[in-house]
Ligand code: NA
Ligand code: NA
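Protein chains in written order, with our numbering: chain A, 1 to 935; chain B, 1001 to 1508; chain C, 2001 to 2089; chain D, 3001 to 3142; chain E, 4001 to 4163; chain F, 5001 to 5118.
See the structure below:
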């Protein structure tokens, strides 16, 4: 409960803050600070128990399938971290209240800050590595938001993106690492994992686990060469820098190393990777820090260096080194947060952060200067401050470390780093606070209000206390936390300023002396460096990013260009390649044993007609009237084939559909440009022809293979047997359509209905007509007399035929669909012959209604069977004996078919009428030129 | 038959009644039509939830349309998979419809509501049917409705893109029919369960043809799912259409994946002998490239809709990566991710819509603009939906990806798979961060007057917020959802139960 | 005997179709081609009648009937288009 | 009797086939569009007509029942063939008259003038011949 | 009342006959259904028959049909001979301009159709004023004789039918 | 020659023509191609019921030799659907042309005609 509250509290605060973004600043601060304070209070209450060796834990089942549980625990290490997060969080909130200007979006700022705080607490308290990952990535996200808080500044946006890219990327590696770790350990619960070091380290996955985990930790903790994002994260408001980018978030990597120390450390690989990375980072960061002029950059590089130090210590793999690391976490948090706040004050009051333009601030801001000096001293490792003790411990450990077989290497290098850190710390204190007075260009130039000062006072007091009375204020905590790091009781802990005259003290002294010396001789080196262009990681990162972006964009642009021809080519090619592959894999597609039917002369002639007509369509593709004529031949031959091959329904349908299609094309054709130029080159046409040829041969061969196989009529035999007996219909095809597979037909008419609607919509709006008119003048005879008269005579006859076809469909070729097409054609014939009547505007609403009502009739027929406790679309039929008339079959299927017919008439008429309407509009526009053209 | 038995037909019948009714109502009174449409959507969601509840007992229910038993008639099959898909599509539909109505996007044409319900009809039919030809029919229904919806609002760009979309899909349908023809020609049946049974006992002489039918089916499904290289149509189409329509289309690509999940384990699963898991050799590499191409598109996209479209491609790639392993465990992960990816993709489009309607001439282009009304709220929604889309915590995408990574860890390709998923996540993160920081942070010119927005209402924020809420709920309820996914996967990988449920236990 | 006649008739119609095809492809005038297609439809109607007689069934009758109606419509539509540049006005 | 009947059927079939072939042959053989227009009339009238008769008798011969629906095919063709021919002729005349399209005029040459005005293809018909339904709507008494 | 029920008796009768022909049988059911259809369809199509011609059924009509059928058969054989035997250069193709006295479009159309249905002549156009028919003849010796024949055999009878 | 060969080769030629035409750059050609392709597919689907001459699937007692009705029903459905799709494709091409002034499938301008969008 306590743990859950601890984790949820900041999130709740964040949510309240974001929902009440317009609340007063004080109220917002109270909410944010209150959440931190309450958390801190809870932590203090829990501390005694935890430090006594009984971790708190809470288990909440979340995703058992993944082994992802909301398992929380509070062990000493977690306590240390949570305390840091909440404590500094509280101070930062207070500080931010003073720091942020009145107009700033405090609510948004604090809600992001709380979001971050929650994520960090989550990391500290996670007892499940997958849960830890969740919070881990959340810190990257909230950091992104906070760095980009001043959204109008380009450096803020860039810094935020870079931080997200690097830390987020590292987080992804960490995901892989944790998953592998869980796999190797057999559990994602930390307690279990930590107990299985031997299993994990024996696993072949261990190197991968280690490297991936380190990628996560190193990116987050800004270890070389992933350090470059951190200085740019300084674009964030200073409270953020103090909180995230020095005291807490960047230490998440260190925390992770500490957390997994029992299971991952004490191997050579660990030592080499972790210790040397830390060492290099420590040196590198310190060296760069010395030559930066932006106060925040100096602190940022110093942070990199200090993080390197902690990583190196953890890398040593010894309990004592781990102790030093843990203690330094504490120290660094105190002095670095204080320093950042200090910089924030300076920036706030003077309007600049350039150390070259500042100096002698001690006179103007004595309190600020005092606090800064003390914090810097701790950073330099000067007694009697906490920094001194941890640096001593570090030196002590480094003398025991053997790198590359050389025992002197590590002490020398760490001393060098310490020298540099003394130098930059001194530079900060002397350059900024003392010496010649520069005061920047703006601001009030005096100590700020209590809100900005108090937090650093607290921190500096802690930093001093950590030096003077370390055992009292941090002893138990550090001991216990180290205990959790090393997985057992901590080594005898003795934190004190004075350890006697040992090598460590010697190195410390050397470092201070040499550091002062270096600072004194710094200027020439700085001048020399200024003339050199050192490789800049940010610039490299940006260049790499930009180049990746440009290249990807170019490639993606080319690949995804609007090119239907390419889409189709790829589609055909994929189908062909896969089908060919499938054939090869299976050894072929074979001719079967079914006896073939000899072809008659008529069949051969018809076939010839089809082949030639198809070829002609392809050849005359650009001459549209001709192409349509030849297409008509193709349709005719296919209809004939259906007649010959025992498919009267198909023949009927084919004939009726063909003519509607042709009418449609004729209507549309008139408005398309005539004989457009050829588009594709000869090689392209050859390529397409080849593709077409292969597709054709393949499909033909497949058809051949099917047709020559003995028939498998398992399902349709049932249809044959049950058609008359079960539905009263003799036309099995029709019965299949309206009964066995009526569901298909329902879908099919819906397709047609939708096509009608879609086409209606396409032609509905006042289309801006700009159609090139043909040169050929038209005949003035709009409605040829013979045609008009004959069409009128044909109308009732055609309707009669349609009705006949509809009624007999169940037993003989025909049915609702064909009947409807006949109706439509008959009506359309009137338009063709006599033009639109004055009702044509209104009849489009009828077409809508026909479609809608048709679908409703078909569906309602289907639903009718539900009343009789039968499934949807169950048919029913019977024979009614009527006087005079005799036996009459009544089948629900007929009603269904009526629905079909209604939809088809509606859709077809809608399409044709709507298109006719458009051509009329076009004609009206062209009418004037027509009259002129005809002599 | 009990009412519960009859309920299976509801997801098809409700839109089949509502769509024509709204069409009729629209001729008279617009308000009535909109009311009908919304009510229909709610009813459908209710039916879907009820069916989902029904499927919880693990039984597979078969509904013989017209009373004709399988394999002779068409059957609908309710199992965990179809129930989940129905629930997903109904929920998404209601949210999208709400958004369309609230933002008056539905007023851009007369048929929006009818087309919308026809679209749902096609989707639901496709999810429920147990007959392969019927699946084709419902594919056509959902396609042609999608053409209509895609054109909603019209405009030159939309028309041009629609030509490509329609033509490609018409060709896809042709391939589908050829595959169906081969299957019928060889086995004499179209019922999926019956096909499974017959393929399992088919001889070597038929192997080549069945294999061809299989790859053609996979090509068609791959086209619908937009798997590389068959994805080329998608970005153009989804960018050209109205974002609210594209949001609904988020589920269209999933229909392709659904069909694969439905067909492969059943027809070409472990029982298929030489044909077992036939599509896997090429599906995996295609999925890898799809994920990469998709997120690379997210990385470089210059507008929100384009980014959303590519995110959809990328997420499909991720999804198919998991699917293509064809194990029960990975399938569970895939199913969870499928639900997530659909909602997240839709959220991206809705947020793009919100942005467009507030940003005036700046549209959704990733260029700096003056401040606009509701920029912060929109920004938060964008943040949330992009987090979901790339799969960062705390939203369900992260859990989905973890699930996939975890379950694929024991497959032979796990290194490529993991590298792909994690690498593309990073690319996606960078892309969204770039776009978001330009769109919602950068103001240009600095201090310019805010964009004058004629519409002061914040109603357009409701639907995307609900979607994000659903994603959050999916995260919080991930334990339940993953358990559902596992149970569903278990059902999918026990095809014999499906066959028995449809055809009865006695082999005919 | 009827069978022989039917076979001869089938071959005659096949030849007639070839003639139509030749004119259709040859043109030269567009009117010739339309006429050829129209005649082809008439021949196909006859062929369907013939097939009906060969099979001894009236199953195909409607196909011929619809073809008679529909062939006319498409012929007329072509002509109307050529005359008026528009078929519905 | 049956035999004679069968002979009649066979004869009709052959007659029909012959005229179908002849009609199509005319289409190939005759020199220009206007002449070719005469071929299909034969195919429709005596060609299809004989076959329809044959079919009706054939049904009678086979099943003993009268089949009449074949007559409808003939009815349809009789209504439509003249109109098709008329329309094709109009197309021919129209395209011949247009300067940029050269279609051979045929043996009969250019059509003579009707005396008063011109042919409908060349000149808009007088409103006295009401043909469009749009016009009809305005007629009184409806 | 009758007019309301049977707006177009001739059409209804025709439809009933056609329906029975279609049905290929004359049962009670066919008759009833046919009657229903032939009552409904004329009403449905009424807008397309605004000024239907008055027709006289009877001897004139029968005679006309008989003459036409006879002429068709004869003309078929004539044209067959022309196609088979006549060389192109001997072909006497002519344009005939037939002045007509029929006035209604229906009557003119029937005349034109009749001309077209007899092989050897094709009605190609109507004059804009509806007073002349343009007929293409495949093979005629004398134009005037042919025009007179057409007017005598067909138009005269039609004038009586369409009174 | 067998009927099977005629049908198979017809399918082959229709497919080849359909594929070739649908790969052209003009909407009208593409529509032609789709029409040919749909003919090919319909014939293919029909052929899967095997070829049977003169035995239409009209039920009569005792008849066992008949064409397979199921593929015919499927083809009918396919024809109707293809018709709807073709109609839509035609109108869409037309509308796209009206809107963009180009009948190119991607709405690209024709350089030599001076139409379309810049
Ligand atoms: Na159907
Ligand atoms: Na004639």
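Glycine included, C-beta positions come from ideal geometry on N, C-alpha and C. A quick note: this is a predicted structure, and the numbers were derived from the prediction, not measured.
Residue 1076(B) versus residue 193(A) - alpha carbon distance: Translated into positions along the second chain, residue 1076(B) becomes position 76. Translated into positions along the first chain, residue 193(A) becomes position 193. Distance between the alpha carbons of residue 1076(B) and residue 193(A): 48 Å.
Supposed close pair residue 3124(D), residue 4132(E) - CB separation, criterion 8 Å: Position 124 of the fourth chain, counted from the first residue, corresponds to residue 3124(D). Position 132 of the fifth chain, counted from the first residue, corresponds to residue 4132(E). Rounded, the Cβ-Cβ distance is 16 Å, inconsistent with contact.
Residue 3013(D) vs residue 2068(C) beta-carbon contact at 8 Å: Residue 3013(D) sits at position 13 when you count from the first residue of the fourth chain. Residue 2068(C) sits at position 68 when you count from the first residue of the third chain. Cβ atoms of residue 3013(D) and residue 2068(C): not closer than 8 Å.
Residue 188(A), DSSP secondary structure in three states: Residue mapping note: residue 188(A) aligns to position 188 of the first chain, counting from 1. If DSSP states are grouped into helix, strand and coil, residue 188(A) belongs with coil.
Cβ pair count under 8 Å reaching 3, the region 1290 to 1302 of chain B against the region 1311 to 1319 of chain B: yes
The beta strand (DSSP E) enclosing residue 4121(E), as first and last residue numbers: For this step, residue 4121(E) is matched to residue 121 along the fifth chain. Taken as a continuous stretch (DSSP letters only), the beta strand (DSSP E) holding residue 4121(E) covers 4121 to 4126.
Closer than 8 Å to chain C by CB, residue 3119(D): By 1-based counting over the fourth chain, the position of residue 3119(D) is 119. Not one chain C Cβ lies under 8 Å of residue 3119(D).
Under the three-state DSSP convention, the category residue 5059(F) falls into: The residue you call residue 5059(F) lines up with position 59 of the sixth chain. In the structure shown, residue 5059(F) sits in coil (DSSP, three-state: anything other than H, G, I, E or B).
Within-8 Å CB hit, residue 5034(F) to chain A: Your numbering for residue 5034(F) matches position 34 in the sixth chain. Not closer than 8 Å to any Cβ of chain A, the Cβ of residue 5034(F) fails to qualify, so no.
Residues near residue 1123(B) by beta carbon distance below 6 Å, same chain, minus five either side: In the second chain, the residue the question calls residue 1123(B) occupies position 123. The residues are 1089 and 1142.
Short Cβ contact (8 Å threshold) for residue 413(A) with residue 279(A): Residue 413(A) sits at position 413 when you count from the first residue of the first chain. Residue 279(A) sits at position 279 when you count from the first residue of the first chain. The answer is yes: Cβ separation under 8 Å.
Three-state secondary structure (DSSP) of residue 839(A): The residue labelled residue 839(A) in the question sits at position 839 within the first chain. Note that residue 839(A) scores 48 on pLDDT, short of 50, meaning its location in the model is unreliable and no value can be drawn from it.
C-beta atoms of residue 1048(B) and residue 1003(B) nearer than 8 Å: Looking up residue 1048(B) in the second chain gives position 48. Looking up residue 1003(B) in the second chain gives position 3. No.
Of the listed residues 806(A), 542(A), 154(A) and 660(A), nearest to residue 896(A) (C-alpha basis): Start at 1 with the first residue of the first chain, and residue 896(A) comes out as number 896. Nearest C-alpha to residue 896(A): 806(A).
With 16 other Cβ atoms within 10 Å as the buried cut-off, status of residue 1072(B): If you number the second chain from 1, residue 1072(B) lands on position 72. Residue 1072(B) is buried by the Cβ-count criterion.
Exposure of residue 1457(B), with buried meaning 16 or more beta-carbon neighbours within 10 Å: As a working note, residue 1457(B) is residue 457 in the second chain. Per the 10 Å Cβ criterion, exposed.
Inter-stretch contact at 8 Å, needing at least 3 Cβ pairs: the region 50 to 61 of chain A / the region 105 to 122 of chain A: no
Inter-stretch contact at 8 Å, needing at least 3 Cβ pairs: the region 346 to 355 of chain A / the region 423 to 438 of chain A: yes
Nearest-angstrom Cβ-Cβ length linking residue 58(A) and residue 1(A), presumed shorter than 8 Å: The residue you call residue 58(A) lines up with position 58 of the first chain. The residue you call residue 1(A) lines up with position 1 of the first chain. Indeed they touch by this definition, with Cβ atoms about 7 Å apart.
C-beta atoms of residue 336(A) and residue 247(A) nearer than 8 Å: Position 336 of the first chain holds residue 336(A). Position 247 of the first chain holds residue 247(A). Taking 8 Å as the Cβ cut-off, residue 336(A) and residue 247(A) qualify as a contacting pair.
Assigned exposure category for residue 839(A) - 16 Cβ within 10 Å defines buried: Residue 839(A) sits at position 839 when you count from the first residue of the first chain. Residue confidence is low: residue 839(A) scores 48 on pLDDT, short of 50, so the model does not pin down where it sits. Its coordinate-derived value is still stated next. Residue 839(A) comes out exposed.
For residue 864(A) and residue 892(A), believed in contact at Cβ under 8 Å, the rounded distance: The residue given as residue 892(A) occupies position 892 in the first chain. The residue given as residue 864(A) occupies position 864 in the first chain. Contact flag correct, Cβ pair sits at about 7 Å.
Beta-carbon proximity of residue 1451(B) to residue 1370(B), cut-off 8 Å: Position 451 of the second chain, counting from 1, holds the residue named residue 1451(B). Position 370 of the second chain, counting from 1, holds the residue named residue 1370(B). Taking 8 Å as the Cβ cut-off, residue 1451(B) and residue 1370(B) qualify as a contacting pair.
Contact set between residue 2059(C) and chain F, taken where Cβ atoms lie within less than 7 Å: In the third chain, the residue the question calls residue 2059(C) occupies position 59. Chain F residues near residue 2059(C): 5056 and 5058.
Whether residue 708(A) touches residue 719(A) by CB criterion (8 Å): What you label residue 708(A) is simply residue 708 of the first chain in a count that begins at 1. What you label residue 719(A) is simply residue 719 of the first chain in a count that begins at 1. In this structure, residue 719(A) does not lie closer than 8 Å to residue 708(A) by Cβ.
Residue from 3065(D), 3119(D) and 3108(D) whose Cα sits closest to the Cα of residue 4026(E): The residue labelled residue 4026(E) in the question sits at position 26 within the fifth chain. Nearest C-alpha to residue 4026(E): 3065(D).
Contact with chain F by residue 611(A), beta-carbon distance below 8 Å: Start at 1 with the first residue of the first chain, and residue 611(A) comes out as number 611. For residue 611(A), the answer is yes, since a Cβ of chain F falls inside 8 Å of its Cβ.
When 1347(B), 1131(B), 1062(B) and 1217(B) are compared against residue 5074(F), the one with the closest alpha-carbon: Here the question's residue 5074(F) lines up with position 74 in the sixth chain. Cα-wise, what sits closest to residue 5074(F) is 1131(B).
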